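Chemist: Residue numbers (my numbering): 9 to 507.
(1) Is it the case that the stretch 100-108 contacts the stretch 326-340, given that we only count it when at least three CB pairs across the two stretches are under 8 Å?
(2) Give me whichever residues DSSP pairs with residue 527 in a beta bridge.
(3) So, residue 323 versus residue 312, is the Cβ gap smaller than 8 Å?
(4) Using a Cβ-based criterion (distance less than 7 Å to any ligand heavy atom), does residue 75 qualify as near the ligand COA?
(5) Hey, residue 363 and residue 189: beta-carbon distance below 8 Å or not?
(6) The alpha helix (DSSP H) that contains residue 230, what's its start and end?
(7) Which residue from 185, 13 and 136 puts its Cα closest to that of residue 361?
(8) What separation, rounded to the nearest whole angstrom, lies between the Cα atoms of residue 245 and residue 283?
(9) Under a Cβ-count criterion, where at least 16 other Cβ atoms within 10 Å of its own Cβ denotes burial, should residue 233 be classed as buried or exposed?
(10) Would you mind working out which of 60, 59 and 98 sits nearest residue 47, comparing C-alpha positions?
(11) Assuming residue 229 and residue 69 make a contact with CB atoms under 8 Å, what is their CB distance in whole Å?
(12) How about residue 376 and residue 166: are their beta carbons less than 8 Å apart?
(13) Compute the beta-carbon to beta-carbon distance between residue 584 and residue 277, rounded to the nearest angstrom, for a pair I have assumed lies under 8 Å.
(14) Mind checking which residues open and close the alpha helix (DSSP H) that includes residue 129?
(15) Return the Cβ separation of residue 397 and residue 389 in integer angstroms, given the expectation that the two are a contact with Cβ distance under 8 Å.
(16) Note the first and the last residue of the continuous beta strand (DSSP E) segment covering residue 165.
(17) Would you list the one or two residues that DSSP bridges to residue 299?
(18) Looking only at DSSP bridge pairs, what is residue 269 linked to?
(19) Let's test the definition: count the other Cβ atoms within 10 Å of the Cβ of residue 494 and tell me whether it reaches 16, buried, or not, exposed.
(20) So the alpha helix (DSSP H) residue 102 belongs to, where does it begin and stop?
(21) Report the three-state DSSP secondary structure of residue 394 (helix, strand or coil).
(22) Tell me the DSSP secondary structure of residue 343 in three-state form.
(23) What residue range does the beta strand (DSSP E) around residue 121 cover?
(24) Would you mind reading off the limits of the beta strand (DSSP E) that contains residue 243?
(25) Would you kindly work out how many angstroms separate the C-alpha atoms of residue 226 and residue 248, rounded to a whole number?
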């Protein structure tokens, strides 16, 4: 955010920064902004972060196991809870300071520009009824809070990634991608660094930085990294504030600070060993330098994984890393030209845009200021109930219609089959006799006739004629159809006897 603040100042805007008294990365005095400092802990001071990171490294070095992973997750959850508790105290102190809040109101600010990870900015924007602009890479909010509603009410989201780095996905009109906004062409290096870089000859330079959070490493890990560097023909510039490793080689220069963007843009830089922070990854992508990733917390594993799947970097694990594993990883990325080719391809894609990311960020921030917000770009889908948002009601309606159609066709098919079966078996006559009943009658009649014939064979001619007449008189339960047929057969028998 510091880079955007400086750019806004250069365009004539007046910027005020609300900060805590223990903030270590937002200085109280700056030519680019006015400070509003509260004497309250923010939960994000230097000692908190360095202690937290050191503890995570210590846990990871215990080995890769379920118990280690469990302890790591518990430690992160506990520290995150502590940080948000202090942030809540800071927000409470800010909002309860009536004089300060009245002074902020009287200043008539145009908008609030904040990071969604820290909820104070969103709460302040809601309190002051000002347009809200987020600068984000990832977000977080506490369970049971209504902070998500503040997210949804944001007028603009400035996402610090782009679709060269991000996976394709649909977005809303108020989401603007500004990945690499802080990147710029390299400037000349300080004289002592330039001399060191040039002394590398054709082998080039490797630079290593684990960011502001990881100022030092466990001594055994630092010694292993230094020993691996000492085996390389390349020169190494390593940003490191810890104790000097015992295995440090003559080809490695330790520095407290380095112009990272300018070193990455130097033509002799061959490799960047990084923790995977958003700024470092975007700068490496901008300049086309492949990465060895040593991620630890927050968004770092996700960042370096995205480069690895694109063939532009390799990820190593603090759990299992040794001197040999680290050395082999560096050798692989240096000697396989595909890593550098893939990263340079991503760099060309990133740079080929109609507007520079910083210009896009400034345009949209000023757009929100000019129009007192950007409500017309904000989706209203979050106002829908969950079942409507996920189209559950539509799916249930379609399922009901489908079921109704199926049941209707099933009933029609059953009716049609019934009619066909009746037609096949003779159907029903005028007396109402059905096909099944006809079969029963035929079976009973056949039995009677068979018994009559058997009796007739044992009797004389007169008795046989009587039997035939008896057959003609068989009527099953008064059914006229069978009776009619039987009578007709009886008359035929009488005619034969008469003749």
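A virtual CB, placed ideally from N, CA and C, is assigned to each residue, including glycine. Values in this document were obtained by computation on a predicted structure and should not be read as measured data.
Modeler: According to the structure data:
(1) Taking 8 Å as the limit for Cβ pairs, the verdict is that the stretch 100-108 does not touch the stretch 326-340.
(2) For the chain, the structure presents residues 9 to 507; residue 527 sits outside this window and is missing.
(3) Going by C-beta atoms, residue 323 is nearer than 8 Å to residue 312.
(4) The model on display carries no ligand, and the ligand COA is accordingly not part of it.
(5) A distance of 8 Å or more separates the beta carbons of residue 363 and residue 189.
(6) Here the alpha helix (DSSP H) through residue 230 covers 227-238.
(7) Comparing alpha-carbon positions, the option among 185, 13 and 136 lying closest to residue 361 turns out to be 185.
(8) Roughly 15 Å between the two C-alpha positions.
(9) A residue is called buried once 16 or more other Cβ atoms fall within 10 Å of its Cβ, and residue 233 is buried on that count.
(10) Relative to the Cα of residue 47, the nearest Cα in the group 60, 59 and 98 belongs to 98.
(11) Yes, they are in contact, since the Cβ atoms of residue 229 and residue 69 sit about 7 Å apart, within 8 Å.
(12) No, Cβ-Cβ distance for residue 376 and residue 166 is not below 8 Å.
(13) There is no way to answer for residue 584, as the model of the chain reaches only from 9 to 507.
(14) For residue 129, the enclosing alpha helix (DSSP H) begins and ends at 128-136.
(15) Yes, they are in contact, since the Cβ atoms of residue 397 and residue 389 sit about 6 Å apart, within 8 Å.
(16) Per DSSP, residue 165 is one residue of the beta strand (DSSP E) stretching across 164-167.
(17) In DSSP, residue 299 forms a bridge with 280 and 321.
(18) None; residue 269 has no bridge partner.
(19) Confidence at residue 494 is low in this model, with a pLDDT of 45, below 50, so its placement is unreliable and the value that follows should be read with caution. Counting Cβ neighbours within 10 Å, residue 494 comes out buried, since at least 16 surround it.
(20) Residue 102 -> alpha helix (DSSP H) spans 74-104.
(21) DSSP places residue 394 in helix when its eight states are reduced to three.
(22) Of the three classes helix, strand and coil, the one that applies to residue 343 here is helix, per DSSP.
(23) DSSP places residue 121 in the uninterrupted beta strand (DSSP E) bounded by 120-122.
(24) Here the beta strand (DSSP E) through residue 243 covers 243-247.
(25) Roughly 12 Å between the two C-alpha positions.
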